[in-house]
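S.K.:
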Amino acid sequence: MAAMNRRNFLRRIGLGGLAMTALPLGLKCGAKKPVNILFIFSDDHAFQAISAYGGRLATVAPTPQIDRLAKEGMTFNKCYVTNSICAPSRATILTGKHSHLNGVTDNRERFDPDQLTFPKLLREGGYQTAIVGKWHLKTEPTGFDHWEVLPGQGHYYNPDFRTPEGTIRETGYVTDIITDKALNWLKEKRNPEQPFMLMLQHKAPHREWSPALRHLNLFDDVLIPEPANLFDDYEGRGTAAKKQDMSIEKTMRMVTDLKVKDESSDDKGLQHRIHGRMNEQQRQAWDAAYAPKNEEFRQKNPSGKELVRWKYQRYLKDYLRCIRAVDENVGRVLDYLDESGLAENTVVVYSSDQGFYLGEHGWFDKRFMYEESYRTPLLARWPGETPKGVYNDDLVSNLDFAQTFLDIARLPQPEEMQGLSLVPVLKGETPSTWRESLYYHYYEYPAVHSVRRHEGVATQRYKLIHYYDLGEWELFDLQVDPNEMDSKYGDPEYASVVQDLKKELERLREKYKLPPLEPDPERQ
Ligand code: SGN
Ligand code: CA
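The sequence shown: position 378 = 378 (the numbering used here), numbered continuously.
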């Protein structure tokens, strides 16, 4: 970039004063070589499905490869998202800003490609940048030297990829192919003279949870443990929890989600998403795996709670099968870093766009500020910097990722970004002034799954949620009610907690420049 352009660019990001210090800063200051950044990201990966986090699934469905990052680096127990849904989370990560400022408040919005993003700044700072896999932001990726992304949600089998040269179709399973492409870029395409930042973004384990053909019979003889609140009756919570449309019992579809083929029904979804994508050989393998299990299901013909239990088993097994392929492929990438000698100078981060319900509250999907969807996995390995095998309890957010990556690259963080660099935290030196609360806002309603709009504030112990169209509040005390079954809002014992949290919510709204709330009676 010419000197003049660079100066304008720095001015634009609020760092005009630095214009004389010729970039790339990350490459110049200090004797250390700039660090590579590998950001592995999945879609809807619940922390409950990563064995490093423990929990009921850790023994039945371990993730030994992702767990390597936990052993060799830091695992965050309290990483939360700003808005628990796909496109908004991705926009927050790229921009380091809350949804109302980056323009992607819900999945229907288009990402403005002219915005300031961390990949653009890394590229400007001398990094080679690439993204492979799910993008989901409608407009074309900007700020990347190399990109190959799935159109929209993409497909599990024989997926198409959008590239600057046009769309291409690949044969095979999406998680393997995304990894092949990422490895190919690392090995053959990038310029080894430059540091890199690679975003390796899986589609899996997103709905409809279609496994790799080699995993179709994994877990067949295993009983997946149920969560304690699989049969939640939503007492103790407000209208939003009662009126959602994301339950295993009522919302999950027998054909597309649960793969019970019904010869009498002409299910377009199954054809479009699964069968129609496959070649004859793949289709036969798929049918051979599901047909006997579906036959057994028909024989048993469960109903009521037994049917919910059956659906839960089928759902979880397919979901965990998808995770198995993600885990194996994380292993392939980590092995390559080891073999190539890159590992030593590469930060590896694993995260997901949000969490997911694996039957907790009787649900699948995300959106709510309740723990399973609000919280997202975050593991990071930075050789020589992160202490090994440490679990961190600081409140961190996907709002922090952009600034963290810039800081790792020793590049300046634009003032307009709203998060915090996690670099000191990663080094085991959390400042005493670290944040004590987080702001959340979910916007997509009316929409699929019928989750009402809400905003809220979370601290280490409490969560205050405001369903502003409904005029309802909920308060959870996670210390006594970790499963969030019993709102304490209105309980006199918690009156002062509510008062303090409302003040904190107002403070955060101001800090993050939220526009005034506009409750909409039409959206009750
Ligand atoms: C998107 C959403 C899901 C939702 C489906 C419904 N995921 O894929 O939450 O279940 O739509 O689509 S997101 O990652 O894009 O946010 S449907 O076509 O099955 O109705
Ligand atoms: Ca998602």
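Glycine included, each C-beta is placed from N, C-alpha and C at the ideal position.
1) Could you check the C-alpha separation between Glu518 and Pro195 for me, to the nearest Å?
2) Whole angstroms is fine: what's the gap from Ile178's alpha carbon to Gln499's?
3) Starting from Gly331, trace the alpha helix (DSSP H) both ways and give me its first and last residue.
4) Where Thr256 and Ser421 are concerned, what is the direct C-alpha to C-alpha distance, given to the nearest angstrom?
5) Using three-state DSSP, classify Arg162 as helix, strand or coil.
6) Tell me the DSSP bridge mates of Cys79?
7) Just to confirm before moving on: does the CB-CB distance between Leu358 and Leu137 stay below 9 Å?
8) Could you tell me if Arg523 is buried or exposed, where buried requires 16 or more neighbouring beta carbons within 10 angstroms of its beta carbon?
9) Is Thr256 near ligand 1, going by C-beta to nearest heavy atom under 8 Å?
10) Rank Asp67, Leu399, Lys261 and Ala409 by C-alpha distance to the C-alpha of Gln128 and give the top, closest one.
11) So what does DSSP say about Tyr525, is it helix, strand or coil?
12) With His100 as the anchor, note down where its alpha helix (DSSP H) starts and where it stops.
13) Which stretch, first to last residue, makes up the alpha helix (DSSP H) that contains Tyr357?
14) What residues in its chain sit with their C-beta under 6 Å from that of Asn483, if we drop five residues either side in the sequence?
15) Can you name the start and end residues of the alpha helix (DSSP H) that Gly269 belongs to?
16) Can you give me the C-alpha to C-alpha distance between Asp520 and Tyr445, rounded to a whole angstrom?
17) What first and last residue would you give for the alpha helix (DSSP H) that runs through Glu372?
18) Alpha carbons only, please: which of Leu150, Glu140 and Glu249 is nearest the one belonging to Ala204?
19) Quick one: Cα of Asp106 to Cα of Asn83, how far?
20) Keeping to the same chain, check which residues put their C-beta closer than 6 Å to that of Lys259; ignore five residues upstream and five downstream.
21) How should Asp262 be labelled, buried or exposed, when 16 other C-beta atoms within 10 angstroms of its C-beta is the threshold for buried?
22) Leaving aside the five residues before and after Pro387 along the sequence, list all residues of the same chain whose C-beta is less than 6 Å from its C-beta, in chain order.
23) Go through the residues and name those whose CB comes closer than 5 Å to any heavy atom of ligand 2, in chain order.
24) Going by DSSP, name the residue or residues bridged to Arg577.
25) Are three or more beta carbon pairs between the region 118-134 and the region 97-106 nearer than 8 Å?
26) Which runs of the beta strand (DSSP E) fall wholly inside the region 437-473 and span at least 3 residues, in chain order?
27) Which ranges would you report for the alpha helix (DSSP H) in the region 169-231 if only whole runs of at least 4 residues count?
28) For Asp394 and Thr430, which I take to be in contact (beta-carbon distance under 8 Å), what is that distance rounded to the nearest angstrom?
29) Can you tell me whether Gln244 sits near ligand 1, meaning its C-beta is under 8 Å from at least one heavy atom of the ligand?
30) What would DSSP say about Ala61, mapped onto helix, strand or coil?
31) Apart from the five residues just before and just after Thr142, which ones in its own chain have a Cβ nearer than 6 Å to its Cβ?
32) Pull up the distance between the alpha-carbon of Gly73 and that of Asp481, whole angstroms please.
33) Say yes only if the C-beta of Gly269 is nearer than 8 Å to one or more non-hydrogen atoms of ligand 1, and no if none qualify.
34) Can Val174 and His155 be called in contact, C-beta distance under 9 Å?
35) Would you kindly work out how many angstroms separate the C-alpha atoms of Pro164 and Glu506, rounded to a whole number?
M.R.: The answer reads as follows:
1) 46 Å
2) 48 Å
3) Gly304 to Ser340
4) 41 Å
5) strand
6) Val396
7) no
8) exposed
9) yes
10) Ala409
11) Nothing about residue 525 can be reported from this structure: the residues present for the chain run from 1 to 524 only.
12) Ser99 to Asn102
13) Per DSSP, Tyr357 belongs to no alpha helix (DSSP H) and is neither H nor E.
14) Asn229
15) Lys268 to Arg273
16) 11 Å
17) Glu371 to Tyr374
18) Leu150
19) 9 Å
20) Tyr290
21) exposed
22) Gly428
23) Asp43, Asp44, Cys86 and Asp353
24) The chain is shown only over 1 to 524; residue 577 falls outside these bounds and no answer can be derived.
25) no
26) 438-442, 454-458 and 462-467
27) 174-184
28) 5 Å
29) no
30) coil
31) Pro113
32) 30 Å
33) yes
34) yes
35) 44 Å
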